[in-house]
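Q: In full-length UniProt numbering, the protein residues as written are 1 to 170.
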């Protein structure tokens, strides 16, 4: 059962990550004015950050449960989840608060972020945040790709044996 929950949490996290970052946000910026699109995108990325942190913590716990039950294929997956979680924590807890503070300061000054004194610094933080988001996305794609094909600890053990022997499972 934990392997099924692991799979579900993985596809929820990675699916929302890819949908918000690479489908919804670009549509917002082509459909709305830049300031409104930025505000809506910031809220969506906040939600994604919380979802990612919760899923990441749960996935690490589930990976440990499955590994203790003999699911050795989840050892590598645990490292992918940890990498994704680091990206979420850096983006959501380190970069986003600074970006939001600059956005609020610009609005209080009566302008949007693009026309404020914070524009260059915001642009730099946005670029760094985008790199972390891209890394998280790539790790997420690899995580989905590497999920054991079968179900249960037996499939996870088979996946580990196939990794060692060089065979491709499924």
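Beta carbons are placed, not taken as given, at the ideal position from N, Cα and C, and that holds for glycine.
Predicted model only: the values in this text are computed from it and were never measured.
Since residue 143 contacts residue 84 with CB under 8 Å, what's their CB separation in whole angstroms?
A: Their Cβ separation, rounded to whole angstroms, is 7 Å, which keeps residue 143 and residue 84 in contact under 8 Å.
Q: Sorted by chain position, which residues of the same chain lie with C-beta nearer than 6 Å to residue 117's C-beta, five sequence neighbours on each side aside?
A: There are no such residues.
Q: In terms of residues, what are the limits of the alpha helix (DSSP H) holding residue 93?
A: Per DSSP, residue 93 belongs to no alpha helix (DSSP H) and is neither H nor E.
Q: In three-state DSSP terms, what is residue 147?
A: Looking at residue 147 - three-state DSSP - the assignment turns out to be coil, as it is neither helix nor strand.
Q: Within the UniProt domain "TMEM205-like" (8 to 104), note down every full alpha helix (DSSP H) run reaching 4 residues or more, in order along the chain.
A: With a minimum length of 4 residues, the continuous alpha helix (DSSP H) runs that stay inside the UniProt domain "TMEM205-like" (8 to 104) are 25 to 31, 34 to 68, 74 to 89.
Q: Quick check on DSSP: helix, strand or coil for residue 169?
A: Model confidence at residue 169 stands at a pLDDT of 45, short of 50, so the residue's coordinates are unreliable; what they give is reported in the following sentence. Three-state result, residue 169: coil.
Q: If we ignore side chains and look at the alpha-carbon of each, how far apart do residue 139 and residue 66 end up?
A: In a straight line, the C-alpha of residue 139 is about 20 Å away from that of residue 66.
Q: Could you tell me whether the stretch 125 to 133 touches the stretch 86 to 104, where touching means 3 or more Cβ pairs closer than 8 Å?
A: Touching, yes.
Q: How would you label residue 223, buried or exposed, when you count the other beta carbons within 10 angstroms and need 16 or more for buried?
A: Residue coverage of the chain in this structure runs from 1 to 170, which leaves residue 223 outside it and unanswerable.
Q: Within 10 angstroms of its Cβ, does residue 74 collect 16 or more other Cβ (buried), or is it exposed?
A: Per the 10 Å Cβ criterion, buried.
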